[in-house]
Amino acid sequence: MNDLYTQLATIFLGFFAIMNPIANTAVFAGLAGHKPKAEQIKIALKALVITFCVILAFALLGNAIFHLFGITISALRITGGILVFLVGYHMLNGAGSKLHSTEQEAGDVSVSPLAVPLLAGPGTIATAMNYASSGSSAAILMTMGMFAVLCVITFVCFVFSSRILAVIGESGLSIVTRLMGLILAVIGTQMVIVGVTAVVATMK
Numbered sequence: 023m024n025d026l027y028t029q030l031a032t033i034f035l036g037f038f039a040i041m042n043p044i045a046n047t048a049v050f051a052g053l054a055g056h057k058p059k060a061e062q063i064k065i066a067l068k069a070l071v072i073t074f075c076v077i078l079a080f081a082l083l084g085n086a087i088f089h090l091f092g093i094t095i096s097a098l099r100i101t102g103g104i105l106v107f108l109v110g111y112h113m114l115n116g117a118g119s120k121l122h123s124t125e126q127e128a129g130d131v132s133v134s135p136l137a138v139p140l141l142a143g144p145g146t147i148a149t150a151m152n153y154a155s156s157g158s159s160a161a162i163l164m165t166m167g168m169f170a171v172l173c174v175i176t177f178v179c180f181v182f183s184s185r186i187l188a189v190i191g192e193s194g195l196s197i198v199t200r201l202m203g204l205i206l207a208v209i210g211t212q213m214v215i216v217g218v219t220a221v222v223a224t225m226k
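See below:
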């Protein structure tokens, strides 16, 4: 029984470190904090449902999907890094960015960039594939069970992000948006570096 708890804790902490709901809450605030509360909840729920479905698909069929299309984790990491960098670049532009336009539909934000690639990014996908690699029902259930718990925690963090916005105000949101934009740009660059390094290593 202790081994089971240890394994569950390891899976949860692995996902927590990769998806980092605390940092993503600040990103969510920058992307959707200016929207009404009900719309924030809708965006958060849709983003996390999509995220869970994407990770479930890769946990079940990850290796087959990659083999079918002839792609690698490195390629996914490089592409995801570029997308994250572009999101960060738009956030650095603040309110003038198309990403923060009030005319943009909520679905655009919940699907991309929130669900993919920020939440269901290359690291999260790789982690899910690793934990579910044995293909056994128990491994898949434990992997997705712990990921579901993390999704619930992330949802709660997203929903209560509005309280933070109420405290820091519009000027504070502008600062947070630009800081998170800078951090995301750096994260995106790092993802590309890791992906390119892995590709170069295979050529030696």
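The opening residue of the sequence shown carries number 23 in this note's numbering; numbering runs sequentially from there. Glycine included, each C-beta is placed from N, C-alpha and C at the ideal position.
Asked: Sequence-distant residues of the same chain with beta carbon closer than 8 Å to LEU172, five excluded per side; Found: PHE34, PHE37, PHE38, MET41 and PRO43
Asked: Classification of SER159 by the beta-carbon crowding that lies within 10 angstroms, buried from 16 upward; Found: exposed
Asked: Closest Cα partner of GLN29 within the set GLU61, VAL106, VAL218 and ALA154; Found: ALA154
Asked: Spatially closest choice to CYS75 from GLY157, PHE50 and ALA150, by CA coordinates; Found: ALA150
Asked: Cβ-Cβ distance between THR165 and ALA79 below 7 Å; Found: no
Asked: HIS89, buried or exposed, once every other Cβ within 10 Å from all chains shown has been counted against 16; Found: exposed
Asked: Touching by the beta-carbon criterion (3+ pairs, under 8 Å), the segment 58-77 and the segment 205-218; Found: no
Asked: Rounded C-alpha distance that separates GLU61 from LYS226; Found: 50 Å
Asked: Three-way DSSP call (helix, strand, coil) for MET23 in this model; Found: coil
Asked: Selection from ILE215, LYS64, SER196 and ILE209 that minimises the alpha carbon distance to PHE107; Found: ILE209
Asked: Interface flag, ARG99 vs chain D, CB-CB below 7 Å; Found: No chain D is part of this structure, which consists of one protein chain only.
Asked: Backbone secondary structure at PHE38 - three-state DSSP; Found: helix
Asked: Beta-carbon separation (whole angstroms), VAL131 vs LEU53, contact threshold 8 Å; Found: 5 Å
Asked: Check whether SER183 and ALA51 have beta carbons under 7 Å apart; Found: yes
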